[in-house]
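In what follows, a single structure is set out as structure tokens and then discussed.
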Amino acid sequence: MLRITGYSDCYSIRPGDDITFYVNSENGEDYEAKLVRLIHGDTNPDGPGYKEEEIDAPFDGTCTGATRRSTAAPT
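Taking my numbering, the leading residue of the sequence shown gets 29, the next gets one more, and so forth.
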């Protein structure tokens, strides 16, 4: 299984603002990426269910993987 982790430089943005995503691919493997707007994330069978909306983005598709190492010193 391909293990990836990632985060963005902010939690939300306004239309026209920029956002940067940082992605780590465990072994530098390529991965598929797409941007989605999360409408509802509840997967409980008694709830409304998971719902997302795809948003066109310049990075949609296969991205080149990279392994990023932390440079933070232990405390």
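All C-beta atoms, glycine included, are put in the ideal place defined by N, C-alpha and C.
Span separating the alpha-carbon of residue 69 from that of residue 32: Straight across, the Cα-Cα distance linking residue 69 with residue 32 is about 20 Å.
With C-beta atoms as the reference, is residue 56 less than 7 Å away from residue 95? Taking C-beta atoms as the reference points, residue 56 and residue 95 count as a pair closer than 7 Å.
Under a three-way DSSP split, which group does residue 82 fall into? Strand.
For residue 38, the residue or residues it bridges with in DSSP: Note: residue 38 sits in no beta bridge, so no partner.
How big is the Cα-Cα spacing for residue 83 and residue 77? Per the coordinates, the alpha-carbon of residue 83 lies some 20 Å from the alpha-carbon of residue 77.
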